[in-house]
Amino acid sequence: MKKALKIIGITLGSLVALVLVVVFIACYLVFTPKRLTPIVNQVADSLLICPHTLDEVNLTFFRTFPNFGVEVQGLYIINPMEGAQSDTVLAIPDLVVGVDIMKAIDGDIMIKKCALQDIEANIYIDSLGNNNFTVWNPDLMSEDTLAEDTTASAWQLRSIAWEEAIRFSARQLSFVDKKDSLAAGLTDCCIQLSGTDTDSLAVKLDLDANHVSFQMKGEQYADDLHLRLTLPMSFQSSEHITIDGTQLAIEEYTINLDGYVGSPCLASGIYNMDVTVKTNEWKISNVWHLVPPSYQSLWPKEVDADGHLQLIAHAVGTYDSISMPMVDAQVLLTGAQGRYTPLPYYFDEVEADITAHADLNNKNNTTATINRLFARTGKTSVTVSGTATDILKNTSAFELSNPLCDLKADLDIYLPDANYWIKNDSVQSWVKGTMTGTVTAQTRLNDVTTFNLNKMQISGDLALEDVDVMWQDSTLAQAEGITVQLTAPKKNIKDKAILSADCKIGLDNLHAQLLTADLDAVCLGGTLNAAIEIDTKDTMNIPTITGGFDLTDLVADMDTIHAHAVAPKGQVTLTSSRRSKQKPKMIVSFSASEMQAMMGKTTQAKTGNITIEATATYNKDADKVLLKWNPRLKFDLQDGHAELAQLTVPVDIPAIKFAYSNREFKIDTSRIVLGHSDFSLSGDVRGIGKWLGEQGELEGDLRFTSDVTDVNEIIDILNNFNKESGAVQTDEVEQPAQATASSPQTRDPFMVPERVNLNLLTTIKKAYVFDETLQNLGGKLYLKDGTAILEEIGFVCEAAKLQLTAMYRTPRRDHIYVGLDYHMIDIDLQQLISMIPQLDTLVPMLSSFKGGAQFHIAAETYVNDQYQLKPSTIRGACSIEGNDLVLLDNETFSTIAKILMFNKKTENKVDSISVQIGLYKDEITVYPFCLSIDNYMAAVGGNHYLDMNFNYHASLLKPFYIGVDVSGNLDDLHIKPGKCRYVQDFRPIIHKDTETKAAEMKKIIATSLKQNVKIQ
Amino acid sequence: MKRVFYFVAVVCLVLLAATGCTPKDENIGTEAQLYGRWQDVKNTTSYIVFQTDHVAPDDERFRDYTDYIWGKEWDTNDKSEHDLDTEDFHGNGWFMWKKGPQIVSRLATMNKVSTALIPADMNLEILNDSTLKYTTDSGREFTFRKIASK
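As you go down the protein sequences, you meet chains A and B in turn.
Count along the first sequence starting at 1, add 395, and that's the number in the working numbering.
Count along the second sequence starting at 1, add 67, and that's the number in the working numbering.
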C-alpha cells in the first residue's frame, strides 16, 4: 500500500512538475512580455488610429489559475480634443483576462476571469458632434474587411461567454456631450458584470459608485452622490430582456424595478416594456436636496413641508415614435407635516395614498385616484378621497386639460380654527364648536376657477355641535346642534343650463341675540331651508329663490316686547310667472298653531291657528297697486284675542277666513267680539281687478250680522281710543278759520265709486243705543251706479218701530243728491222729540204732549261740493199723527182747566193730533192742524222759511171764533188778530161734502208718505 | 106776506147758489195755454215746463194720479234740464199738475227714495199765451213768460 501511494505520488508530482515546466517555459521562455508586447502593440497600431501606449502584455497563469490569461499593463489610449475633459480617452493600468485556451482555439471564447483595475475613461462629444472615442481604424472595421478576414482566416468567433464576473474598478469615468449639454461622471466606482446563465444569456451588472454627478442642459441633477445599481438582465430575445430584481440606489433612496424591456432592433427606436418600479420611503426634506435648484424654485416658498414619500409604478406597453407605454403609479405619503406660512395652520399629520393611470397614447384617458388624503391641524382634520379623469390634453405635449373631479371630503373641524377667517381688528367675531360631515363635489377644474356653478355638483351633509357665534359685536348665537344639508344642483333639476342649489338647516335649541337692538330669540328646534334656481340660458328670466322655516317653537324678546309662536312655519319664494318669464312672482306662506305678542302690560295679542298664503305677480305696465301686484291671499285665523291700551275692552276674533284675488274677494267667515258687541261679515266681492282697470263693474254681496251691538259701548271705546291715541275730540276742535275769497277752505266731497254694484245686507238682532234697546235692526245698504242706498233699514225698540231709507248719489262733484225716507210708528212723543229735537221747533206744542204717535218724514235735496244746499231742489214732507195724547203734567192741566173752566170730567188727554208739513224749495208749509180738549178747539197752521222768517195763524174755533196771526222772526215778532181762517177746515158753519183744500193736501201728504212703510 | 116770503126765499136760494159760482176771470186762460216752456221774469235762471203727457197708470207710485199731467221745473244755478230727463226723471224737479178754473194744483214728486208728494199749488192771476202770474198759498208771487211752446 505504501508503495502504491508512493508510486501514485511520484506520478502526480511528475505531472505537476511537467505542467509547471510547460507553463514556465510558455510564460517565461516562449511567451515573454518582450515577445508579446510588440505583437499586441502591432495589433493595436493597426486597430487604433490615435496615439496609444501599452506598457506590457504578459501571459499569465498564476493570476488566472487554472486557466491561462493575458495580463496587460499600462494601456492608454490618447485622443486629445479641444475642450475635452482629458486627452486620455481610456486608461487601463491593469487588465487581466483569463480564457479557456482549448475552447478559444475553436472559436468559443470562454472568459474565465476578467478584471480591470483603476480604469479611467473620458468620453467627449463636442458641440458639432465630433467625439473623441472614434479611435478604431475605419478600414479594418468596415464590413468588406471583416468579410475578407472571415473568408481568409480559418478561425472564427463563434461565441463569447464568461464564467466569473467581469470586474471593473474605475478611478474615473466621465462623459461630456457638448452637443446635447450633457455631462456625467463617476469616480471611485466598481462595476461587476457577471453571467448567471450562459444558455439564455443572463447577465448581472453591479455598479457601486461613490461619487456620481450628472448635469444636463445646465441643470445639476446629481452632485457627488453615492450610486449603486444592481441590474440583472436575462436576454430571452432582443425584444424580451428580463430585469427582475433591478435596484438603483442613490444615497439611501432605492428604486426597485421588476419586469422586462426589449426592442426588436436597437436602431428601430422601438422599445417594449412591462416594468414595475417601487421605491423605498424617501424623506422629503432629504430628497429635496437632490432636486435641482431650478426645480426647487418651482416649489412655493410659503410651503414648508416634510414627510415620507414612496412611489410604486407600473409601465407596460411600447415606446416608439408614435406610442408610449401605459403607466400606473401609486404615491404614498406618510408622516408628513407642513405649513403654508401665510396661514396660521400647521398640519402636523398628513397622509396620502394617490394612484394615477396615465395613458400617454390617449391622454384623455389619464386618471388619478385619491384613495385617501388625510390632513390634520390642531383639532381639525380633513379626509379627502376621489378621482380625477381627463387630466391631460390629447396633444403631443404634456398639457393639463380640464380634469373632471369627483371628490369626497370628510370633515372634522374644530370651529375656533376658522376664526382666522372671520376675525377683525375693529369688531369682534368668533365661533366655537365642532363641525363634522361630508362634502362631495363633481366638477371640472375650470368650472371651479371660473365659478361655473351650474356645471358643478356639490353636496354637503354637515353637523355642528355646541355652536357659539359672535358676529361683529352685534349678533350672538348659541345652538346645541345645527345640521346643514347642501345640494347643488337640486336633485330634481336635470337641465345643466339651470344653476340651482338647495340648503336645509336643522336647528336644535338655538338662542340668538341681537345685541344692538336688545333682541333675544330662542328657537327650540326646527329647520330652515333655502333654494335657488337660475336659468343661465336666458338671463332675462327671473331666478327662483326660496327661503323657508319650520320651527317647533320660537320666542323673541326685545325690550318690553315679547313674541311667541308655536309651530311657526313659513316660506317665501321669488320666481317668475308661468305666463311671462320676465314678470316676477312672489309666493308667501305662513302658519302657526299659536301666536302671542305682548308689549308691556297693556298691549297684547294672541291667536290660535293662523294660516296665510299669498302670491303676487308683478306687472310693471299696470298703474294701480293691486293691478301692479295682482295679489292672491288666503287668510285663516282662529281664536284671536287683542288687548290694547287704547281700548277699554278686549277684542276677540273667534274666526276670520277669507280669500282675496283681483277676481274675487270672498269672506267665508269673519267674527269679531268687541265688549258686549259681536259682528260677523261674510260674502264676496267680484271683479276687483277689472273695476280698478276700468274695464268692468265691481260687484259684491255681503252680509253683516250681529246678535248684539252696544252702540254706547262702541262710542265710549272709540272716544277713549281717540283720546289715548292723541286724536283731538270733535267738540274740542277749533272751528276752522272762515274761508276768504282768496283762500277758501274747501274739502272734497265723498264721491260714490262708479261701476260699483255692492250689496250689504245687515241684520242686527239687538242694539243698545243710548237708553234704547233696538231689536231686529236690519236692512240693505247697496252701492249701484254711483248711488249709495240705505234701503228699508228697520228696527223695533221700546219706543218705536223704525224704518229708514236713505240715498246718496254723486252724479257730479258739485251736484250731489241726498235723500231720506224715515218712518217711525208706535212711538212715544217724548221719545220722538228726544230723538229728533228739531221737531219741537217746527211743532212747538208737540213737546207738551206725550203718548203714542206716528212719525213719517221724507226729504231730499241736491248739494254742491261743499255740501251747501241748492234751494230750488229741496223737497220734503212730514206727517205726525198722535192718538190719546196726554197733557204733559197734571199741574199745568189743572191750571189751564181752572182758567178755562173745564168740565170736571174732562180728562188730561187730547183725542188726536195730525200734523202734515210740506217742504218745497225754501218754504216749509205747516198745514193746519187741530187740537180739542173739553169745550175748546184750536187750529194752527202757517209757513216757515229757510231764512227763519215765519207766518203762522192760530184759530180758536170753540167756544168762539178768534184768529191770531203771528209773523216775522223770533227777533221781530208781529202778533195781530185776524180772521179765523180754519173754520171751514175744522168747524165749518156750513158743512160741505167736499174736503177743504187744506184737508186734501194733508191727506195727500199723509197717504203718499206712508206708501213706503213696511214695518207693522 | 106770502109773496114777500117767497121772494125772500128765492133771493136766498139764488144767493146760496151763487156762492157756488165763481165769476169767470178773463185773465185766466186755458190749459192749452199753459203747455210750454216758461222762464221766471225776476229769477231768469228758473224755468218751468208744462208738458202734455199724463201720468202713466203703470207707475205704482202715482197710480192714483193718472188724471194729472207731467211738468218739470229747475233753476240752472242748481241743475240742468238734462238732469231732469235722466237721473231725476219723474223725481226731484218734476211735478204732476192739473188745472182748475183759477188754480193749477201741483204735486211735486221726489226721487225714488220716497213716495211722498208735496203740494205746491199755483193760484193763477194771469195766464195767457205769453204770461203766467200766480201766487202761492203763502202769498208769494211769481211771474213767468213763455219762451217756447214745448
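Quick reminder that beta carbons are idealized off the backbone N, C-alpha and C, glycines included.
{"query": "N-terminal and C-terminal residue of the alpha helix (DSSP H) that A/Thr838 is part of", "result": "Where A/Thr838 is concerned, there is no enclosing alpha helix (DSSP H), although the beta strand (DSSP E) it sits in stretches over Trp825 to Arg839."}
{"query": "Residue closest to A/Pro1026, alpha-carbon to alpha-carbon, out of A/Leu1032, A/Asp1016, A/Lys980 and A/Leu1039", "result": "A/Lys980"}
{"query": "C-beta contact flag for A/Thr1200 and A/Ala1162 at 8 Å", "result": "no"}
{"query": "Per-residue burial, A/Glu1318 [other beta carbons within 10 Å of its own, 16 or more giving buried]", "result": "buried"}
{"query": "Beta strand (DSSP E) segments (min. 3 residues) lying fully within the stretch 502 to 537 of chain A", "result": "503 to 520"}
{"query": "Buried versus exposed call for A/Gln1263 [16 or more other C-beta atoms within 10 Å across all chains shown]", "result": "exposed"}
{"query": "Where B/Pro186 falls, given that 16 or more other Cβ within 10 Å makes a residue buried", "result": "buried"}
{"query": "Cβ of B/Lys146 within 8 Å of any chain A Cβ", "result": "yes"}
{"query": "Whole-angstrom distance between A/Val843 and A/Ile786, CA atom to CA atom", "result": "15 Å"}
{"query": "Where B/Leu184 meets chain A, residues with beta-carbon distance less than 8 Å", "result": "Ala1272, Ile1399, Ile1400 and Ser1403"}
{"query": "CA nearest to the CA of A/Gly1084, picked from A/Gly1078, A/Val607 and A/Glu1092", "result": "A/Glu1092"}
{"query": "CB of A/Met668 within 8 Å of CB of A/Val711, strictly", "result": "yes"}
{"query": "Proximal chain B residues relative to A/Asp1360, where beta-carbon distance stays under 7 Å", "result": "Residues of chain B passing the Cβ test: none, with the nearest at roughly 12 Å."}
{"query": "Same chain only: Cβ atoms within 8 Å of A/Gln977, ignoring 5 sequence neighbours per side", "result": "Met935, Asn936, Ile937 and Ser971"}
{"query": "Contact with chain B by A/Met1202, beta-carbon distance below 8 Å", "result": "yes"}
{"query": "Interface residues of the stretch 155 to 166 of chain B facing chain A [CB-CB below 9 Å]", "result": "Asp155, Gly158, Asn159 and Gly160"}
{"query": "Interfacial residues, the stretch 112 to 127 of chain B to chain A, with Cβ spacing under 8 Å", "result": "Ser113"}
{"query": "C-beta neighbour in chain A for B/Trp141, strict 8 Å", "result": "yes"}
{"query": "Where the alpha helix (DSSP H) through A/Phe463 begins and ends", "result": "Counting along the chain, A/Phe463 falls outside any alpha helix (DSSP H), though it belongs to the beta strand (DSSP E) covering Phe463 to Ile473."}
{"query": "Distance, A/Leu1351 Cα to A/Asp1279 Cα", "result": "21 Å"}
{"query": "Closer than 9 Å at the beta carbon, the chain B residues around A/Lys1265", "result": "Asp142, Asn144, Asp145 and Lys146"}
{"query": "Test: A/Thr939 CB closer than 8 Å to a CB of chain B", "result": "no"}
{"query": "Reduced DSSP category for B/Phe162 - H, G, I as helix; E, B as strand; rest coil", "result": "strand"}
{"query": "Residues near A/Ala992 in its chain [Cβ-Cβ closer than 8 Å; skip 5 each side]", "result": "Ile956, His957, Ala958, His959, Gln999, Ala1000 and Lys1001"}
{"query": "Close Cβ partners of B/Phe211 (< 7 Å) along its chain, the five nearest in sequence each way excluded", "result": "Trp105, Gln106, Asp107, Val108, Ile115 and Leu199"}
{"query": "Local conformation of B/His149 per DSSP, three classes", "result": "helix"}
{"query": "CA-to-CA distance, A/Asp856 to A/Trp825, given in whole angstroms", "result": "23 Å"}
{"query": "A/Gly1313 vs A/Ala1248 beta-carbon contact at 8 Å", "result": "no"}
{"query": "Segment limits, alpha helix (DSSP H) that includes A/Arg430", "result": "Pro428 to Leu442"}
{"query": "Spatial neighbours of A/Ile1370 in its chain, beta-carbon cut-off 6 Å, leaving aside the 5 residues before and after", "result": "Val1361"}
{"query": "Bounding residues of the beta strand (DSSP E) (the contiguous stretch that carries A/Thr1157)", "result": "Val1151 to Val1164"}
{"query": "A/Gly832 versus A/Asp807: straight-line alpha-carbon distance, rounded", "result": "7 Å"}
{"query": "Under the three-state DSSP convention, the category B/Phe156 falls into", "result": "coil"}
{"query": "Nearest candidate by alpha-carbon position, reference A/Lys1300, set A/Gln1198, A/Asn1330 and A/Ile1067", "result": "A/Asn1330"}
{"query": "3-residue-minimum beta strand (DSSP E) runs that sit fully inside the stretch 1020 to 1074 of chain A, ordered along the chain", "result": "1026 to 1038, 1046 to 1055 and 1059 to 1069"}
{"query": "DSSP bridge partner residues for A/Met935 (one or two, in chain order)", "result": "In DSSP, A/Met935 forms no bridge with anything."}
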